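Each remark here refers to the structure printed beneath this line.
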Amino acid sequence: MNCPNCNCLLNDEMLEMKVCYSCGQIIETKSVEDLQEENRKAQEKHQLDEYYKSIKNLSSLKLTTGISFEGYRITDYLQVISGQSVIGTGMLSELNAGFADFFGVEATGYTKKLEEVKEKAMIRLKIKASTYGANAIIGIDFDYFNFSSDMIAVVANGTCVNIEKI
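Numbers given in the numbering used here equal positions in the sequence shown, counted from 1, plus 2.
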């Protein structure tokens with residue numbers, strides 16, 4: 003290691019004393035723990051940067067419930083993927099559903115909750131596809147589950163692929 007002030011090569015004694023004997027500059031050395039923490043933070047930042055870069059591509063993903071895209075050919079089948087979301091319906095939705103059932107009308111509270119959980123499952127499906135480097139998802143379908151009287155789950159399934167124009 004060199005002195006940051008005079009660029010003199012620092013020997014072990016100077017490093018131990020934390021002083022450059024040539025110019026008197028106080029040398030700050032970092033502990034192993036500090037270096038590990040800096041490395042960990044740099045890795046986290048890199049992972050976040052990659053994550054945000056992949057999220058930017060979500061809107062450009064091509065989606066279909068079918069097995070192909072007209073005018074494109076599939077170059078790589080990457081992975082069968084799924085995105086899931088579970089949501090509690092809440093007391094008001096339960097009350098709304100009771101009235102809807104009694105009067106034979108749409109349960110708007112449940113409908114809104116179902117749309118919300120479906121959208122979250124779809125976002126998770128897209129994020130997963132982007133982590134595989136896909137530019138499209140084929141064969142998309144949704145599975146709906148009712149875990150209890152007040153828990154709704156939606157699973158979005160598909161195959162992430164890469165496509166190119168023909």
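Where a beta carbon is used, it is the ideal one built from N, C-alpha and C, also for glycine. In this text the structure is predicted, and so the values were computed from the model without any measurement.
* Asked: Cβ of Leu60 within 8 Å of Cβ of Ile139?
  -> Your numbering for residue 60 matches position 58 in the sequence shown. Your numbering for residue 139 matches position 137 in the sequence shown. In this structure, Ile139 does not lie closer than 8 Å to Leu60 by Cβ.
* Asked: Given a threshold of 16 other Cβ atoms within 10 Å of its Cβ, counted over all protein chains shown, does Ala44 qualify as buried or as exposed?
  -> Reading the sequence shown from its first residue, position 42 is the one you call residue 44. Counting Cβ neighbours within 10 Å, Ala44 comes out exposed, since fewer than 16 surround it.
* Compare the beta carbon distance of Thr91 and Asp51 with 8 Å and say whether it is the shorter of the two. => Numbered from 1 along the sequence shown, position 89 holds the residue referred to as residue 91. Numbered from 1 along the sequence shown, position 49 holds the residue referred to as residue 51. Contact: no.
* Ordered along the chain, which non-local residues of its own chain (more than five positions away) have a Cβ less than 8 Å from that of Gly73? -> Reading the sequence shown from its first residue, position 71 is the one you call residue 73. Hits under 8 Å: Lys167 and Ile168.
* Do Ala136 and Val156 have their C-beta atoms within less than 8 Å of each other? -> The residue you call residue 136 lines up with position 134 of the sequence shown. The residue you call residue 156 lines up with position 154 of the sequence shown. No. Outside cutoff.
* Under 8 Å, do Ile83 and Leu17 count as touching if we go by C-beta distance? -> Taking the sequence shown and counting its residues from 1, the one referred to as residue 83 is at position 81. Taking the sequence shown and counting its residues from 1, the one referred to as residue 17 is at position 15. Not closer than 8 Å, so no.
* Mind checking Gly26: buried by the 16 CB within 10 Å criterion, or exposed? -> Counted from its first residue, the sequence shown places residue 26 at position 24. It counts as exposed.
* Using the C-alpha atoms, what's the distance from Glu39 back to Glu169? -> Because the chain here runs from 3 to 168, residue 169 falls outside it and cannot be looked at.
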